[in-house]
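First residue of the sequence shown: 9, per our numbering; consecutive thereafter. Each residue gets a CB set at the ideal place from its N, CA and C atoms; glycine is no exception. All of these numbers come straight from a predicted model, not from anything done at the bench.
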Amino acid sequence: MKKENMLNAALKNLELTAEKIRLDPDIHEKFKYPKRCLIVSIPTRMDDGSIRVFTGYRVQHNMERGPCKGGIRYHPDVTLDEVTALAMLMTWKCAVVNIPYGGAKGGVVCDPKKLSGGELERLTRRYTSEIGIIIGPDKDIPAPDVNTTSEVMGWIMDTYSMNVGHSVPGVVTGKPLSIGGSKGRWEATGRGCVYVSLEALKYKKIDPKKATVVIQGYGNAGSAVARLIAKEQARVIAVSDSRGGIYRKEGLDVNKVIEFKKRTGSVIGFPGSKKISNEELLTLPCDVLVPAALENVITKENASRIKARIISEAANGPITPEAGEILHGKGVLVVPDILANAGGVTVSYFEWVQSLQAYFWSEEEVNQKLKKIMVNAFNDVVRVMEKEKVDMRLAAMMLGVGRVAEAARVRGLYP
Ligand code: GLU
Numbered sequence: 009m010k011k012e013n014m015l016n017a018a019l020k021n022l023e024l025t026a027e028k029i030r031l032d033p034d035i036h037e038k039f040k041y042p043k044r045c046l047i048v049s050i051p052t053r054m055d056d057g058s059i060r061v062f063t064g065y066r067v068q069h070n071m072e073r074g075p076c077k078g079g080i081r082y083h084p085d086v087t088l089d090e091v092t093a094l095a096m097l098m099t100w101k102c103a104v105v106n107i108p109y110g111g112a113k114g115g116v117v118c119d120p121k122k123l124s125g126g127e128l129e130r131l132t133r134r135y136t137s138e139i140g141i142i143i144g145p146d147k148d149i150p151a152p153d154v155n156t157t158s159e160v161m162g163w164i165m166d167t168y169s170m171n172v173g174h175s176v177p178g179v180v181t182g183k184p185l186s187i188g189g190s191k192g193r194w195e196a197t198g199r200g201c202v203y204v205s206l207e208a209l210k211y212k213k214i215d216p217k218k219a220t221v222v223i224q225g226y227g228n229a230g231s232a233v234a235r236l237i238a239k240e241q242a243r244v245i246a247v248s249d250s251r252g253g254i255y256r257k258e259g260l261d262v263n264k265v266i267e268f269k270k271r272t273g274s275v276i277g278f279p280g281s282k283k284i285s286n287e288e289l290l291t292l293p294c295d296v297l298v299p300a301a302l303e304n305v306i307t308k309e310n311a312s313r314i315k316a317r318i319i320s321e322a323a324n325g326p327i328t329p330e331a332g333e334i335l336h337g338k339g340v341l342v343v344p345d346i347l348a349n350a351g352g353v354t355v356s357y358f359e360w361v362q363s364l365q366a367y368f369w370s371e372e373e374v375n376q377k378l379k380k381i382m383v384n385a386f387n388d389v390v391r392v393m394e395k396e397k398v399d400m401r402l403a404a405m406m407l408g409v410g411r412v413a414e415a416a417r418v419r420g421l422y423p
């Protein structure tokens with residue numbers, strides 16, 4: 009699926025939801041469009057002394073329930089349509105887990121693997137300065153997303169703070185702990201995904217200790233899911249990264265795989281495992297499949313061959329709408345991105361609260377509060393799913409869009 013279609017898919021999902029909840033047509037019209045899109049040029053001094061101009065975006069979809077919130081991704085394929093679709097997803101995601109935010113997203117068209125540390129820092133600082141006119145702790149709070157690290161978040165915090173003349177830790181989340189980051193933030197997306205996957209297993213009456221798990225993508229989210237679900241004694245039988253996958257029927261020692269990838273740059277070649285392609289990995293028989301890489305990996309071409317019983321979307325938008333229909337028809341329980349990966353933004357919310365209050369919580373407190381929010385949200389969505397006899401994505405959308413619509417209704421239209 010082309011990137012442009014991601015926005016079409018988001019609008020289509022909104023339309024289906026609007027019909028189902030009988031959304032006021034005026035509010036539906038408003039929700040179709042982002043509140044603000046900012047396109048910036050980012051002139052960056054390269055190491056060879058030349059200047060290269062990168063393009064960056066920050067899109068704020070809706071701020072009716074609170075300040076906008078959402079990550080920043082660095083990727084060569086970033087487009088304005090994609091960032092807009094992802095900003096819209098953030099609006100619904102924050103509403104599903106009921107945290108007081110609207111949705112935003114940012115992106116820079118670049119390949120961070122081809123930039124030096126210095127180039128990456130200068131690009132980040134100039135991008136931050138350019139979007140500085142619309143971000144802020146009570147306006148819009150960026151965070152990590154694809155290819156952006158806590159180090160990048162630290163530069164964003166520093167640049168914004170230097171521009172306003174004082175330290176503003178609440179302007180960004182996913183920061184290093186030494187400047188106001190939260191304990192547990194870095195693994196929060198994976199941890200939240202594991203909490204809802206365990207609930208999904210319970211719902212399907214599968215014993216986690218007997219469950220097999222396949223994970224596509226071994227970055228921040230994927231490797232955390234592997235580590236935490238293995239702690240529940242589930243068997244992780246296959247994992248992959250952008251270079252391909254590895255399989256071991258008896259289960260992989262996921263911590264050793266993490267170490268191996270750190271050392272060699274890839275999971276490929278892990279001793280005792282069999283090399284498989286990403287495509288083969290997706291169609292392996294398993295109880296839980298976790299797509300934790302990029303969007304549109306499960307399409308109408310491969311959906312009918314998927315043999316998982318549950319899919320937990322750790323990535324944003326890994327399943328196309330046509331594939332979603334096929335999977336629903338096959339009885340696969342798909343825990344949608346706006347629920348399955350909402351652990352990241354939930355702990356971002358905790359980080360923002362801690363940064364604003366300058367009072368920091370223990371890791372146990374963070375994880376405990378995260379679990380409560382994720383399990384409650386899962387059960388809220390299941391209730392809608394059963395009552396309305398819809399799939400889980402539509403149920404989550406109905407819950408999320410309904411909450412934003414209620415905020416829009418009581419606020420009314422200005423002027
Ligand atoms: N990028 C993450 C997401 O898509 C986290 C956003 C945040 O923490 O604000 O949910």
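Confirm the yes/no value for this check: CB of residue i, any heavy atom of the ligand ADP, distance under 8 Å.
{"i": "P108", "result": "In terms of ligand content, the structure shown lacks the ligand ADP and carries the ligand GLU instead."}
Tell me which same chain residues have a C-beta within less than 7 Å of the C-beta of residue i, skipping the five on either side of it?
{"i": "S320", "result": "C201, V204, S205, A208, V296, V298, V343, A348"}
{"i": "L128", "result": "P120"}
{"i": "I383", "result": "As written in the sequence, residue 383 is Val, which differs from the Ile given in the question. Excluding positions up to five away in sequence, the list reads Y203, E207."}
{"i": "V117", "result": "F62, T63, P84, V86"}
{"i": "V390", "result": "Y211"}
{"i": "D153", "result": "G79, I80, R81"}
{"i": "A18", "result": "A93, M96, L97"}
{"i": "R133", "result": "W163, T167"}
{"i": "K308", "result": "T328, E330, A331, I334"}
Tell me the residue span of the alpha helix (DSSP H) that contains residue i.
{"i": "Q362", "result": "351-365"}
{"i": "F268", "result": "262-272"}
{"i": "V222", "result": "Note, V222: premise wrong, no alpha helix (DSSP H); beta strand (DSSP E) at 220-224."}
{"i": "S137", "result": "125-139"}
{"i": "K101", "result": "88-104"}
{"i": "H36", "result": "33-39"}
{"i": "A151", "result": "Not the alpha helix (DSSP H): A151 falls in the beta strand (DSSP E), residues 148-152."}
{"i": "Y422", "result": "Run containing Y422: none; DSSP gives neither H nor E here."}
For residue i, collect the residues of the same chain with a Cβ closer than 8 Å to its Cβ; drop the 5 residues on either side in sequence, then sort them by chain order.
{"i": "V2", "result": "Nothing about residue 2 can be read from this structure; the chain reaches only from 9 to 423."}
{"i": "L88", "result": "C45, I47, Y65, V67"}
{"i": "P184", "result": "S158, E159, M161, G162"}
{"i": "K282", "result": "I254, Y255, R256"}
{"i": "L236", "result": "E195, G198, R199, V202"}
{"i": "N426", "result": "The question about residue 426 has no answer here: the residues shown for the chain are numbered 9 through 423."}
{"i": "L378", "result": "G192, A196, R199, G200, Y203, G351, T354, V355, F358"}
Using CA atoms only, rank isn't needed, just tell me which of the options is closest to residue i.
{"i": "Y82", "options": "H174, L335, F358, K122", "result": "K122"}
{"i": "S274", "options": "D261, K257, S250", "result": "S250"}
{"i": "R193", "options": "Q362, T220, N387, K213", "result": "Q362"}
{"i": "L15", "options": "R30, V67, L46", "result": "V67"}
{"i": "R30", "options": "Y422, V409, V418, G420", "result": "V409"}
{"i": "R44", "options": "I139, P152, G253", "result": "I139"}
{"i": "S124", "options": "A415, M96, K38, D56", "result": "D56"}
{"i": "L290", "options": "Q376, S248, P329, A234", "result": "S248"}
{"i": "G339", "options": "I276, V398, W360", "result": "V398"}
{"i": "T136", "options": "G126, N171, A112, I306", "result": "N171"}
{"i": "C76", "options": "Y367, K38, V179", "result": "V179"}
Leaving out the 5 sequence neighbours to the left and right, which residues in its chain are closer than 6 Å to residue i when beta-carbon positions are compared?
{"i": "G352", "result": "A196, T197"}
{"i": "H69", "result": "P42, A95, M96, T99, G111"}
Between which two residues does the beta strand (DSSP E) containing residue i stretch?
{"i": "F386", "result": "It is not in any beta strand (DSSP E) - F386 instead sits in the alpha helix (DSSP H) that spans 371-396."}
{"i": "A196", "result": "Run containing A196: none in the beta strand (DSSP E); it sits in the alpha helix (DSSP H), 196-211."}
{"i": "L236", "result": "First-last for L236: 228-239, but that is the alpha helix (DSSP H), not the beta strand (DSSP E)."}
{"i": "G253", "result": "252-255"}
{"i": "F62", "result": "59-70"}
{"i": "A246", "result": "243-249"}
In angstroms with no decimal places, state the Cα-to-Cα distance between residue i and residue j.
{"i": "N263", "j": "P216", "result": "19 Å"}
{"i": "I80", "j": "H336", "result": "31 Å"}
{"i": "V48", "j": "R313", "result": "42 Å"}
{"i": "I214", "j": "A322", "result": "20 Å"}
{"i": "G114", "j": "L46", "result": "9 Å"}
{"i": "K239", "j": "Q224", "result": "19 Å"}
{"i": "A151", "j": "T99", "result": "15 Å"}
{"i": "E72", "j": "R419", "result": "8 Å"}
{"i": "G332", "j": "G173", "result": "49 Å"}
{"i": "K2", "j": "T220", "result": "Not covered by the structure: residue 2. The range shown for the chain is 9 to 423."}
{"i": "C102", "j": "N304", "result": "22 Å"}
{"i": "S231", "j": "G259", "result": "15 Å"}
{"i": "S356", "j": "E27", "result": "32 Å"}
{"i": "D345", "j": "G325", "result": "7 Å"}
{"i": "I142", "j": "D148", "result": "7 Å"}
{"i": "L107", "j": "E267", "result": "Reading the sequence as shown, one finds Ile at residue 107 and not Leu. Cα-Cα distance, rounded: 35 Å."}
{"i": "S190", "j": "V412", "result": "27 Å"}
{"i": "V392", "j": "N21", "result": "16 Å"}
{"i": "R317", "j": "L341", "result": "6 Å"}
{"i": "N155", "j": "R130", "result": "16 Å"}
{"i": "N375", "j": "I59", "result": "44 Å"}
{"i": "I381", "j": "V105", "result": "6 Å"}
{"i": "K269", "j": "A234", "result": "13 Å"}
So, under 8 Å CB-CB, residue i and residue j are touching, yes? Tell me the CB distance rounded to an integer number of Å.
{"i": "Y41", "j": "G74", "result": "Not a contact, Cβ separation roughly 19 Å."}
{"i": "E414", "j": "A403", "result": "Actually they do not touch by this definition, with Cβ atoms about 17 Å apart."}
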